[in-house]
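Take a look at the structure set out below.
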Amino acid sequence: MKKIAVFFCLIAAAGSVFAQITLVMDGSVSQPQIAYRLFSSWVDEHERDAGKGKGIAMSLLFTGGGLALGGAIATFAGGDRISQSVYGQPMDPLVKQNLVIGLGIASASLYAAGFIVGASKAPEYRRMYSDVFSEPDPDVQEAMAVSILRYQADKGKEKRIASFISALALPLITGGIRAGINLSQGEPWADGVFDSIKGQSWSIASGLVSLVSKTQEERLYERYLATRDALYGIPSRLSPLGTDR
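Sequential numbering from 1033 applies to the sequence shown in this note's numbering.
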């Protein structure tokens, strides 16, 4: 009896092992979808931010339009009284007319921009990446999510570098314009050039900050790499700007 029991136990154990091997071979056991989860969160966050950004833009445009319209009405109705109380004389008719027209045009433009923003659709990220969300194979879905995270991280790095170059170029362009003006007027080319460049030091500082501050997409890809490495023990080599080699 003991031999029969041992025999049946061995058969059961072998069947269990065989079943696990079969599951792995036919692909029904998938790896955890690390990148897909991070990608889904990124899409949800961007869709929420897109909606919020649209509302904020509309609010600012309509508020600005209302202020400009109020200024036009106040100038048309009480401009003379205001000028009388401040300068002791009525407002110049031509100045008053131009100010009312300018404020009216500004108000109409801001309101039109607000309506255009309101009528426009916010980016629909889930629709943009519908192929990823509808992919039935979890392994393929994970690979697609990894490629998008990597692509977005590379774009973020490129934006940082482009922003840094633009920030450095602005003071140089300002200095070059000043030098050209000096030469055209027969003055020493360096007069005021370095002061102009110094006045744009905020641009250089902004460029440096943008260069060293990684974007959300770069940090998200690094988070994927760190999670993958922690789960599988695969060491990843990160470049100074945050993408693996």
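C-beta: ideal position from N, C-alpha, C; glycine also.
Can you give the Cα-Cα distance for residue i and residue j, rounded to whole angstroms?
| i | j | result |
| --- | --- | --- |
| Q1184 | R1251 | 10 angstroms |
| K1191 | T1206 | 23 angstroms |
| D1186 | L1204 | 28 angstroms |
| V1118 | T1107 | 14 angstroms |
| A1194 | S1115 | 49 angstroms |
| S1245 | P1064 | 30 angstroms |
| L1092 | I1148 | 13 angstroms |
| K1153 | V1132 | 34 angstroms |
| S1139 | L1101 | 5 angstroms |
| G1096 | G1087 | 14 angstroms |
| R1158 | Y1256 | 20 angstroms |
| V1172 | V1241 | 37 angstroms |
| G1224 | L1215 | 12 angstroms |
| P1125 | I1137 | 18 angstroms |
| S1166 | D1081 | 23 angstroms |
| N1130 | A1145 | 22 angstroms |
| Q1217 | A1089 | 44 angstroms |
| I1229 | Y1264 | 51 angstroms |
| Q1232 | D1076 | 38 angstroms |
| R1069 | W1234 | 39 angstroms |
| I1053 | D1169 | Note that I1053 scores 37 on pLDDT, short of 50, meaning its location in the model is unreliable; the coordinates nonetheless yield the value given after this. Between I1053 and D1169, the C-alpha separation is close to 19 angstroms. |
| E1020 | G1239 | Outside the modelled stretch of the chain, which goes from 1033 to 1277, sits residue 1020, for which no answer is possible. |
With C-beta atoms as the reference, is residue i less than 8 angstroms away from residue j?
| i | j | result |
| --- | --- | --- |
| F1071 | L1181 | yes |
| F1094 | Y1143 | yes |
| L1135 | G1111 | no |
| A1258 | E1174 | no |
| A1177 | V1164 | yes |
| G1188 | T1247 | yes |
Taking residue i as the reference, which of the options has the closest Cα?
| i | options | result |
| --- | --- | --- |
| I1236 | K1230, Y1264, Y1256 and A1199 | A1199 |
| W1074 | A1151, E1156 and L1243 | E1156 |
| W1221 | R1210, Y1253 and I1229 | R1210 |
| Q1121 | R1113, V1127 and K1128 | R1113 |
| L1243 | S1233, P1168, K1230 and F1196 | F1196 |
| I1105 | E1079, L1240, G1212 and K1128 | K1128 |
| S1179 | A1089, R1080, L1263 and Y1253 | Y1253 |
| H1078 | E1249, L1263 and K1230 | E1249 |
| G1098 | S1141, M1123, G1265 and F1226 | S1141 |
Under the three-state reduction of DSSP, which class applies to residue i: helix, strand or coil?
| i | result |
| --- | --- |
| A1046 | Below a pLDDT of 50, predicted positions are generally treated as unreliable, and A1046, at 42, falls in that range; the measurement from the model is reported next regardless. Helix. |
| W1221 | coil |
| G1274 | Caution is warranted here: a pLDDT of 43 is assigned to G1274, below 50, making its placement in the model unreliable, and the coordinate value is therefore given only provisionally. Correct three-state label for G1274: coil. |
| T1259 | helix |
| K1128 | helix |
| D1169 | coil |
| P1134 | One detail in the question is off: residue 1134 reads as Gly in this sequence, not Pro. In the structure shown, G1134 sits in a helix (DSSP, three-state: H, G or I). |
| T1247 | coil |
| Y1161 | coil |
| E1156 | coil |
| L1204 | helix |
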